[in-house]
Every structure is written in structure tokens, then in C-alpha cells.
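Q: Listed in order, the protein sequences are those of chains A and B. Numbering-wise, my numbering comes out as the position in the first sequence, counting from 1, plus 752. Numbering-wise, my numbering comes out as the position in the second sequence, counting from 1, plus 2. Ideal Cβ placement from N, Cα and C applies to all residues, glycine included.
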Amino acid sequence: MADQVPLSMTVNGRTRRGMGEPRLTLADFLREQALCTGVHLGCEHGVCGSCTVLMDGEAVRSCLLFAVQAEGADITTVEGLAPDDETLHPVQEAFRDCHGLQCGFCTPGFVVSVAAFLEANPDPSDDEIRHGIAGNLCRCTGYQGIVAATRQAAAVLKGEGQ
Amino acid sequence: MADVVSLLAEHGDDAKPLAGGQSLVPLLAMRLTRFEHIVDLNRVDELFGVTADNGGVRIAAMTRQAAVETDATVADRVPLLHLATPHIGHFQIRNRGTIGGSVAHADPASEYPAVMLALDGTAEIASASGTREVPAAEFFESTFMTAVAPDELLVALRFSAWDQPAGFAFDEIARRSGDFALAGAAVGIGTDAAGRINRAAVGMLGVGPIPLRASSVEAALIGLAAADADPHEIGRLAADDMDPIGDVHASADYRRRAGSTLVGRILASALAQLTQEAGNG
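1. Counting only beta-carbon atoms, is Q67 of chain B nearer than 9 Å to chain A?
2. Name, going along the chain, the residues of the stretch 23 to 35 of chain B whose beta-carbon falls closer than 7 Å to a beta-carbon of chain A.
3. So, does the CB of H851 of chain A fall closer than 9 Å to a CB anywhere in chain B?
4. Would Q756 of chain A pass as an interface residue toward chain B - the criterion being a Cβ-Cβ separation below 9 Å?
5. Confirm, please, whether the CB-CB distance from A822 of chain A to M761 of chain A is below 9 Å.
6. Identify whether S104 of chain B lies in helix, strand or coil by the three-state DSSP scheme.
7. Going by other Cβ atoms of all chains shown within 10 Å of its Cβ, with 16 needed for buried, is C850 of chain A buried or exposed?
8. My assumption, with CB atoms under 8 Å, is that A185 of chain B sits in contact with G208 of chain B. Please give the rounded CB distance.
9. To be precise: take each residue of the stretch 92 to 122 of chain B, compare its Cβ to all Cβ atoms of chain A, and keep it if any distance is under 9 Å. Which residues remain?
10. Tell me, which residues are paired with T767 of chain A by DSSP?
11. With 9 Å as the threshold, decide whether the Cβ of G208 of chain B is near any Cβ in chain A.
12. Quick one: Cα of G824 of chain A to Cα of S253 of chain B, how far?
13. Since G180 of chain B meets chain A, which of its residues come closer than 9 Å, beta carbon to beta carbon?
14. Could you pull the start and end residues of the beta strand (DSSP E) that G192 of chain B belongs to?
15. Please list the partners that T829 of chain A has in chain B, where partner means a Cβ-to-Cβ separation under 8 Å.
16. Can the beta-carbon of A188 of chain B be found less than 9 Å from the beta-carbon of F182 of chain B?
17. Could you give the distance in angstroms between the alpha-carbon of Q67 of chain B and the alpha-carbon of T100 of chain B?
18. How long is the line joining the alpha carbons of I127 of chain B and G192 of chain B, rounded to whole angstroms?
19. If you pair each beta-carbon of the stretch 115 to 127 of chain B with each one of the stretch 901 to 910 of chain A, do three or more pairs fall below 8 Å?
20. Q914 of chain A to D194 of chain B, Cα distance in whole Å?
21. Note down the Cα distance separating L34 of chain B from E796 of chain A, rounded to an integer number of angstroms.
22. Along chain B, in chain order, which residues have C-beta atoms closer than 8 Å to that of G801 of chain A?
23. Just tell me which of B:T277, B:D243, B:P19, B:G225 has its CA closest to the CA of A106 of chain B.
24. Name the residues in the stretch 36 to 58 of chain B whose C-beta lies less than 9 Å from a C-beta of chain A; which are they?
25. Against chain B, does A927 of chain A count as a neighbour if the rule is that its beta carbon must be under 9 Å from one of theirs?
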């Protein structure tokens, strides 16, 4: 067993410190030490996208990063997207409105991915939406509701920007 | 970087450089491989960035695929890299995955190795005893095995720009968007001022133990007028240049047939750019 090393990063706007072996993944750190259990672990090898978080603004698989690699980084999990406890992020709102989820396991990864996707491409075509969500797997919805939710969120986010 | 190569010299086979981690970390997670030491390259500034270089480009190994995708110098000088990049994984993968990591991992179904082979790119490899350059044709030794020794580090790739009328195209067949390709190809076709093909580069992925060149296709193209070449007829020749294996995703025969049909389509797309250009000129 390797020695524990100190860890420190910003998670959803707050500094989080912890200890862990160098092999500790960012996903496990976020879940077990920062208590962001919205970070879901489906496959743990980068396929399903459930553990997607923003690292310095970019969507990444937190199961494919070691926590030590995020030293000093700014991490946003699904818990950090909404402005406060009373309000949902427009992407979350859209997933609820459009039945973009059933069991909900994959939803945090989708929501974070879609938020990042729309940031980079605020006015996507349906084809671009389908490519944009291809990095996340959902076994319930058949994706139609997720495509619709992404379309709605795009419209809402554009409207707010005007 | 001096620290990295000295760590690799010290630990040899027991150490592995970690680039974007989009292939290595899954292998570790599934316990398919293990190392005593992981040498993280993510904070080695010298390993990042694209620089214009002698009419071509030098792309440092840790340059993220997402950065390659949007880099104007790459798009201008090495269009095939620009065209191939969106086929790699998903945007979340490309935010971390690196060009050097893809090439050093040398998955026969991955995109950059085929592009590097087609374009005769060069690998810049460093160790504690210095730096050497290895051409793409000598770089890929067997599946997941390259010319990079355990005490060495791939530090950059170099590509030269094509200074002639040229068309470039890339495509692949995959079961789902972002999956590893069952077959794919990177094509560059160049002509002289009269529109006669004098340069042809065809790199294939997913159809052999390493990325392969479609030499029969290249030979058939040379000397033809771009406007007269029949891409679908010539593309069929690619079947002879393949060495596919069958697996759960596709049989060897399917890869050969679908792959050579695909090569024809990609040739058609590259040739169309040439004839369009000639028409505009």
C-alpha cells in the first residue's frame, strides 16, 4: 500500500481537503470525502459517463482521473450546477419537463455533459445533440426524452442570454 | 521533462507514463495491467502545444485531442488530423485524451496512428541519453507495441504540410458513435498543376494488428488524372492490403469487405475536393 497523500481542490465553490492513496480516483474522492454522491459510478472504466464532472470548466470522466491529478483544480459536480437549493439548473428543469430520466442513475452524468455541451454549442441541431450525448449511456429512456430535454435547455439558455 | 526521463530510466518496466489516461486508466481499473509507478505527465508544460515547424507542425505529446481539433495551424497544415479527431471517443474523452497518448498506446483501431502512418509523420522520442526521431513506418511494431522503449518518452509528433493541390478525407465504421472503429481510413491525394495524381497516402485502422497502409491503392492512384480516377474500383484493392481479425464485433471477412468499400468512399471524397478545387481555379 502506498502512503496517503494530502489532497486539496475546489468542489462546487468550496475548498475540500482530504487524504488518499495516489491511486484513489477523483470519482471516489468526490463521493467518499467531498460527499458529492451525485457523482455516480456505473462502469468505472470510462464508458458510461455517469461520473462526468466539470474540471476547470471541461466535462471529464472522474473515474479516469486520479484525485491527485485534480490538485488545485476547480471541480463542479451535478450538485454544483444549480444556483441554490430552491432552483434547478435549466438543464435539470428540462430533464424533468421532458421525461429525460426514468431510474435516474445516469442522469447526473447526462446533466453535467449536456450543460458543458450547450456551453460549447449553444444552438445545436438534432444531429449535433445526438452526437453530444453519445458519451453517456442510459438504459431506460431510449434517449428521445433526453434529446428533447437538451433541445429545451438550449432554447431556455439562449433566451436567458439575450 | 528531465525529471520524467530520469524517473523512467530509474524504474524502466516498472514505470508507465500517464498521459490523458483515457486508455491506461481503464486498463488499470480492469486489472489488465499494473505498474509499481505511474509517472503523470499532466503538469509537464513542455509537453503541451502546437508549433509551426519548417512548413509543417510539431505537436507536443500531451496536446489534448480537443486542442488538436480546434487548432488553426493543424487545420491548415495537416487537415487529416483535424478531420480524424472528432471520430475519437466522445468530447469528454477528447478533453483529456492526448495525441501522444493515442499514438504511444498504439491501438490498431485508433485514429491518430493511421493518420501518422498515412502522412509519414515522425515521432520525437526522448530518454536520459538524448532524443531520437522515428518515422511512422518504423514506429508501430505490433498491437500496443511501439518503438518507444520503457525508459523512453514520446515527446512530440511532426507532420509536414503538403505544398501542392490536395484533397483529404477521413472516415470510419463503428457500431455506435464513439466506439472503436471496425474499419476506417485516412486518405490524402495530391496532384501536380495539371491535375495528375503524384502523391497518394492511405492509412487504414481496425483492419490489422497495427495501422496499415493501403499500398495497392496508393500505387493504383499514382499517375491518374484526378478527374478520371474511379475511387470505388480502386478502393476495392484495399482488401488485399488488410490483415483483419474477426471478433465479437465483426468477422474478418466483414471488416475486409466493409473496409474496402469505405476506402472507396473516402477516396471519392478526397478526389471530389481536388476536382472542386481545380474547377474553382
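A: Result, derived from the coordinates:
1. Taking CB atoms only, Q67 of chain B has no neighbour in chain A less than 9 Å away.
2. Taking 7 Å as the Cβ-Cβ cut-off against chain A, the residues of the stretch 23 to 35 of chain B that qualify are G23, Q24, V27, P28, A31, M32.
3. At a cut-off of 9 Å, the C-beta of H851 of chain A has no neighbouring C-beta in chain B.
4. Q756 of chain A does not count as touching chain B.
5. Their beta carbons are under 9 Å apart, which means M761 of chain A touches A822 of chain A by this criterion.
6. The answer is helix: DSSP assigns S104 of chain B an H, G or I state.
7. Result: buried.
8. Approximately 5 Å separates the beta-carbon atoms of A185 of chain B and G208 of chain B; this is inside 8 Å, confirming the contact.
9. Going along the stretch 92 to 122 of chain B in chain order, one finds H92, F93, Q94, I95, N97, R98 with a Cβ nearer than 9 Å to chain A.
10. Per the DSSP secondary-structure output, T767 of chain A pairs in a beta bridge with A:T762.
11. Nearest CB-CB separation between G208 of chain B and chain A: not below the 9 Å threshold.
12. Roughly 47 Å between the two C-alpha positions.
13. In chain order: H883, A886, G887.
14. Taken as a continuous stretch (DSSP letters only), the beta strand (DSSP E) holding G192 of chain B covers 185 to 193.
15. Residues of chain B whose Cβ lies closer than 8 Å to the Cβ of T829 of chain A do not exist, since the nearest Cβ in that chain is about 14 Å away.
16. With a cutoff of 9 Å on beta-carbon distance, A188 of chain B and F182 of chain B are scored as not near each other.
17. Computed Cα separation, rounded: 5 Å.
18. Their backbone Cα atoms lie some 29 Å apart in a straight line.
19. Between the stretch 115 to 127 of chain B and the stretch 901 to 910 of chain A there are fewer than three inter-stretch CB-CB distances shorter than 8 Å, so the stretches are not counted as touching.
20. The predicted position of Q914 of chain A is uncertain, since its pLDDT is 42 and thus under 50; no value can be drawn from it.
21. The straight-line gap from Cα to Cα measures roughly 14 Å.
22. Those are H92, Q94, listed as they occur along chain B.
23. Ranking the options by Cα distance to A106 of chain B, first place goes to B:P19.
24. Answer set for the stretch 36 to 58 of chain B: I40, D42, N44, R45.
25. The structure shown has nothing for residue 927 of chain A, since chain A only spans 753 to 914.
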